[in-house]
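K.L.:
Residues in the sequence shown are numbered from 150 upward in steps of one, following the working numbering.
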Amino acid sequence: MSFQFYFLLLVGLLVEANKEKFFVIEFNELYAGKVLQYFLTNDFNYCLEKCKKVDNCDGVNFAFGITNENSIDNYDHSLPIKGSIIYSATSYLADSKTRNCLWTYEKTSGIKLQDESMQIEITQIKTKTKCLNSCSERVDCQAAFFNQKTSECKLSKISFQTLQHVKNYFENDVEWDIYESGCKKSVDTTKCSFLRFTNAGVPGRFINKITNIEDADKCEEKCVKMNSHFCRSYTYNKVTKECSLSHRLTKTIGENIYSLQNSDLEAGEINNCMDIKIKCLAKGVLLAFESPQIFSGNVSTRSKTFEPECDFFIDGKYNFQTFYNYDKCGFNKNMTRGFIYKNDLIIKDGNTNFITAKDKFIYLTCKISDNYEHVNSASVMVGTSIIIEHSNKTRSETSFPTPAKPRYLLKVTDLDGNPLDKIVKSKNILIEIRSKDFFEVSDLRLTQPEYNVTKQIINENGLFLLNGSKGKIVKTGKGILKIELNLENVFNRIDAPQSELVIDAYIRGCSQFNCGNNRQRRNLGHQNSDNSRFIELEQEIYYVKYMGKLWVINNSTSIYDYPRHQQNETFKVAAISIGVLMLITFVIIALFAAYLYGRVSLNFFK
Numbered sequence: 150m151s152f153q154f155y156f157l158l159l160v161g162l163l164v165e166a167n168k169e170k171f172f173v174i175e176f177n178e179l180y181a182g183k184v185l186q187y188f189l190t191n192d193f194n195y196c197l198e199k200c201k202k203v204d205n206c207d208g209v210n211f212a213f214g215i216t217n218e219n220s221i222d223n224y225d226h227s228l229p230i231k232g233s234i235i236y237s238a239t240s241y242l243a244d245s246k247t248r249n250c251l252w253t254y255e256k257t258s259g260i261k262l263q264d265e266s267m268q269i270e271i272t273q274i275k276t277k278t279k280c281l282n283s284c285s286e287r288v289d290c291q292a293a294f295f296n297q298k299t300s301e302c303k304l305s306k307i308s309f310q311t312l313q314h315v316k317n318y319f320e321n322d323v324e325w326d327i328y329e330s331g332c333k334k335s336v337d338t339t340k341c342s343f344l345r346f347t348n349a350g351v352p353g354r355f356i357n358k359i360t361n362i363e364d365a366d367k368c369e370e371k372c373v374k375m376n377s378h379f380c381r382s383y384t385y386n387k388v389t390k391e392c393s394l395s396h397r398l399t400k401t402i403g404e405n406i407y408s409l410q411n412s413d414l415e416a417g418e419i420n421n422c423m424d425i426k427i428k429c430l431a432k433g434v435l436l437a438f439e440s441p442q443i444f445s446g447n448v449s450t451r452s453k454t455f456e457p458e459c460d461f462f463i464d465g466k467y468n469f470q471t472f473y474n475y476d477k478c479g480f481n482k483n484m485t486r487g488f489i490y491k492n493d494l495i496i497k498d499g500n501t502n503f504i505t506a507k508d509k510f511i512y513l514t515c516k517i518s519d520n521y522e523h524v525n526s527a528s529v530m531v532g533t534s535i536i537i538e539h540s541n542k543t544r545s546e547t548s549f550p551t552p553a554k555p556r557y558l559l560k561v562t563d564l565d566g567n568p569l570d571k572i573v574k575s576k577n578i579l580i581e582i583r584s585k586d587f588f589e590v591s592d593l594r595l596t597q598p599e600y601n602v603t604k605q606i607i608n609e610n611g612l613f614l615l616n617g618s619k620g621k622i623v624k625t626g627k628g629i630l631k632i633e634l635n636l637e638n639v640f641n642r643i644d645a646p647q648s649e650l651v652i653d654a655y656i657r658g659c660s661q662f663n664c665g666n667n668r669q670r671r672n673l674g675h676q677n678s679d680n681s682r683f684i685e686l687e688q689e690i691y692y693v694k695y696m697g698k699l700w701v702i703n704n705s706t707s708i709y710d711y712p713r714h715q716q717n718e719t720f721k722v723a724a725i726s727i728g729v730l731m732l733i734t735f736v737i738i739a740l741f742a743a744y745l746y747g748r749v750s751l752n753f754f755k
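1) Which residues bound the beta strand (DSSP E) around Ser330?
2) Just the Cα atoms here: how many angstroms apart are Asp653 and Thr514?
3) Give me the DSSP bridge partner(s) of Ala437.
4) Is the beta carbon of Gln688 sitting closer than 8 angstroms to the one on Ile427?
5) Looking only at its own chain, which residues have a Cβ that is under 6 angstroms from the Cβ of Ile402, when we skip the five neighbours before and after it?
6) Excluding the 5 residues flanking Leu650 on each side, which residues of the same chain have their C-beta closer than 8 angstroms to its C-beta?
7) At which residues does the alpha helix (DSSP H) containing Thr311 begin and terminate?
8) Return yes when the Cβ of Glu609 is within less than 8 angstroms of the Cβ of Gly620, no when it is not.
9) Looking at the unbroken beta strand (DSSP E) that takes in Ser518, where does it start and where does it end?
10) With a CB to CB cut of under 7 angstroms and the five nearest residues on each side skipped, what residues in its chain are close to Phe472?
11) If I follow the unbroken alpha helix (DSSP H) through Gly285, where does it start and stop?
12) Select from Met731, Ser449, Ala431 and Thr562 the residue whose C-alpha is nearest the C-alpha of Gly611.
13) Can we say the region 259-268 touches the region 238-245, given the rule of at least three CB pairs closer than 8 angstroms?
14) Does the region 365-383 come close enough to the region 319-329 to have 3 or more Cβ pairs within less than 8 angstroms?
15) Please classify Glu456: does DSSP put it in a helix, a strand, or coil?
16) Taking DSSP as the reference, what is the three-state secondary structure of Phe294?
17) Give the single residue among Gln470, Ile607 and Asn210 whose Cα lies nearest to the Cα of Pro229.
18) Beta carbon of Tyr328, beta carbon of Ala293: below 8 angstroms?
19) Tell me the residue span of the beta strand (DSSP E) that contains Cys200.
20) Checking 8 angstroms against the spacing of the C-beta atoms, do Lys374 and Asn191 come in under that value?
21) Where do the ends of the alpha helix (DSSP H) carrying Asp366 lie?
22) Let me know if Met731 comes out buried or exposed under the rule of 16 or more other beta-carbons within 10 Å of its beta-carbon.
23) Report the start-end ranges of each beta strand (DSSP E) in the region 593-647 that is 3 residues or longer and not cut off at the edges.
24) Just mark Gln291 as buried or exposed, buried being the case when its beta carbon has 16 or more other beta carbons within 10 Å.
25) Tell me where the beta strand (DSSP E) around Thr339 begins and ends.
26) Spatial neighbours of Leu564 within its chain, please: CB distance less than 7 angstroms, with the 5 preceding and 5 following residues excluded, ordered by chain position.
27) Roughly how many whole angstroms lie between the Cα atoms of Tyr692 and Gly479?
28) What is the rounded straight-line gap between the Cα of Asp289 and the Cα of Lys466?
29) Helix or strand or just coil, what does DSSP make of Ala742?
30) Exposed or buried, His396, counting other C-beta atoms within 10 Å across all chains shown (16 or more means buried)?
31) For Arg486, does the count of other Cβ atoms within 10 angstroms reach 16, so buried, or fall short, so exposed?
32) Quick one: give me the first and last residue of the beta strand (DSSP E) that Ile271 is part of.
33) Got a sec? Which residues, its chain only, sit under 6 angstroms from Val388 by beta carbon, not counting five neighbours each side?
34) Would Ile684 and Ile425 be called neighbours here (beta carbons separated by less than 8 angstroms)?
35) Relative to the C-alpha of Phe176, which candidate in Phe188, Tyr254 and Glu198 has its C-alpha closest?
36) Just tell me which of Lys482, Phe488, Cys459 and Ser518 has its CA closest to the CA of Leu494.
Okay, structure coming up:
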């Protein structure tokens with residue numbers, strides 16, 4: 150029994166050694182205890198870092214009161230009064246692998262989750278720390294609710310900060326506390342828009358205050374670029390040039406932002422950080438939406454005619470996708486060395502039909518181009534000759550422009566790399582696509598036009614569809630994709646002795662870091678916008694087709710095995726060839742006879 154006790158104690162010590170110190174913060178609450186150290190800082194995270202390095206530091210009080218370095222030595226080292234506290238922090242031990250920040254949760258007392266549809270799970274957990282750890286282990290957990298009386302733990306996919314409208318989601322209950330996750334999610338803050346407030350602000354609630362800031366625009370820029378946590382709002386003082394940054398939205402701070410009317414203040418808060426990406430496909434365009442705030446509303450085209458398949462209602466999603474067919478939804482189509490499809494969309498937050506500051510307008514452009522790099526000059530056209538006249542006007546010369554080069558090269562070879570025009574159906578072949586840079590292939594198809602049969606090798610999402618004996622990806626990387634196929638297994642059976650094979654695909658360029666490498670992964674176009682409410686989304690893809698003639702044949706094929714129409718064509722060609730050969734033979738015999746006759750006549754007259 151003693152052996153078991155020491156073994157468990159050792160395991161416990163090892164587990165504790167692998168954990169780190171993190172913090173739960175709380176607004177305007179005093180952490181009671183012995184004061185270890187005082188120091189000046191405008192950065193709450195710096196205060197937490199200092200505590201983390203001190204073994205016996207269990208908590209922090211971030212408070213107003215000390216105004217300069219000289220007064221700190223004479224300061225009474227007693228606890229500050231509660232009214233001066235901005236934030237306090239309580240430490241706890243946790244596994245560092247699930248956290249990327251110093252303070253992991255913010256506590257608000259007396260709040261219960263009302264909307265059970267937003268609940269991930271509910272369990273009986275003995276301690277608050279275990280409840281928080283359960284939330285940290287889930288990527289979809291935005292907050293944990295803990296009941297100290299019953300030890301119930303509820304994990305939620307929403308928090309105050311992830312909602313546009315908090316009504317009907319929470320309710321007051323003294324037995325429950327909410328712990329909102331404070332760790333920064335991967336949010337592209339350059340896609341965020343801000344709502345501005347003039348003559349108003351909340352300067353007393355911040356996690357970082359920066360001095361000597363030129364104007365409100367610079368303050369907003371500091372908020373966007375904040376690394377330690379997700380900055381959601383700021384207050385700028387035009388007189389003191391101070392910029393106060395907060396991780397909370399102004400509507401969740403607990404104070405009316407207009408309660409303190411002050412002409413010296415300007416404020417702003419994150420309105421929407423929705424990141425929208427485009428993926429142009431052969432038949433339509435796919436849009437992917439991602440937001441740190443849960444979205445409920447409509448995504449629809451601005452077409453004059455209503456089409457149900459072009460209007461999407463989204464109910465409570467952080468991530469969602471919509472697809473629009475080029476032949477529907479009011480797309481404008483132009484033909485310029487391919488096709489250009491354009492459309493306008495509107496994203497409306499909530500159920501209102503009025504245009505609001507939270508709405509976004511999207512301008513879509515999908516270009517499906519041919520596979521050639523055309524000479525960009527009005528005086529030079531591919532495939533024609535040009536006349537260059539010299540300035541002296543005495544002579545001219547003709548030159549031919551360099552033919553357009555394919556951007557992507559599609560080859561069909563045997564396993565040794567030898568080009569093929571006839572493919573024995575039972576033997577494996579290689580389809581190879583090459584380019585200078587990274588690319589992604591979608592909708593790679595093999596078609597037998599004679600029998601109207603098409604087999605998709607790579608689908609529109611870039612996912613390779615074959616496995617086993619049908620085919621495999623042999624090589625993929627920068628500028629190359631090589632696929633090995635067995636056509637007999639791909640088409641299940643090929644009855645005809647000979648049939649034509651057409652290979653085509655759509656290709657888009659990509660970088661090393663966003664390329665799907667023909668796995669199911671989003672590879673999406675770029676977004677241009679000076680104003681995050683008005684977004685331009687554009688992407689270009691290229692149609693690539695094997696330009697030669699390919700025939701699939703059986704292992705042994707004679708002319709009499711061909712289909713009837715192929716026999717007729719073959720016999721016709723053979724008959725013409727024999728006729729031409731006979732005519733040439735007759736002409737040669739006639740000429741030779743004439744030559745002999747001439748020589749005999751000449752000798753006779755001699």
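Note that CB positions come from ideal geometry on N, CA and C, so glycine has one too. The structure presented is a predicted model; accordingly, all values stated were derived computationally and were not measured.
P.N.:
On the basis of the data shown:
1) Phe319 to Ser330
2) 23 angstroms
3) Lys426 and Gln470
4) yes
5) Once the five neighbours on either side are set aside, the close Cβ partners of Ile402 are Val351 and Arg354.
6) Ile572, Leu595, Thr596, Gln597, Leu636, Leu699, Trp700 and Val701
7) First-last for Thr311: undefined, no H or E at that position.
8) No, these two residues do not count as a Cβ contact at 8 angstroms.
9) Lys509 to Ser518
10) Gly433 and Leu435
11) It is Ser, not Gly, that sits at residue 285 in the sequence shown. Where Ser285 is concerned, the enclosing alpha helix (DSSP H) stretches over Lys277 to Ser285.
12) Out of Met731, Ser449, Ala431 and Thr562, Ala431 has the C-alpha closest to the C-alpha of Gly611.
13) no
14) no
15) coil
16) Correct three-state label for Phe294: strand.
17) Asn210
18) Using a Cβ distance threshold of 8 angstroms, Tyr328 and Ala293 count as a contacting pair.
19) Run containing Cys200: none in the beta strand (DSSP E); it sits in the alpha helix (DSSP H), Phe193 to Lys202.
20) no
21) Run containing Asp366: Ala365 to Val373, per the alpha helix (DSSP H) assignment.
22) exposed
23) 602-607, 620-626 and 629-635
24) It is buried - the Cβ of Gln291 has at least 16 other Cβ atoms within 10 Å.
25) DSSP places Thr339 outside any beta strand (DSSP E), giving it a letter other than H or E.
26) Once the five neighbours on either side are set aside, the close Cβ partners of Leu564 are Asn577 and Leu579.
27) 23 angstroms
28) Cα to Cα, Asp289 sits roughly 11 angstroms from Lys466.
29) helix
30) Label assigned to His396: buried.
31) Result: exposed.
32) First-last of the beta strand (DSSP E) with Ile271: Gln268 to Gln273.
33) Asp413
34) yes
35) Tyr254
36) Cys459
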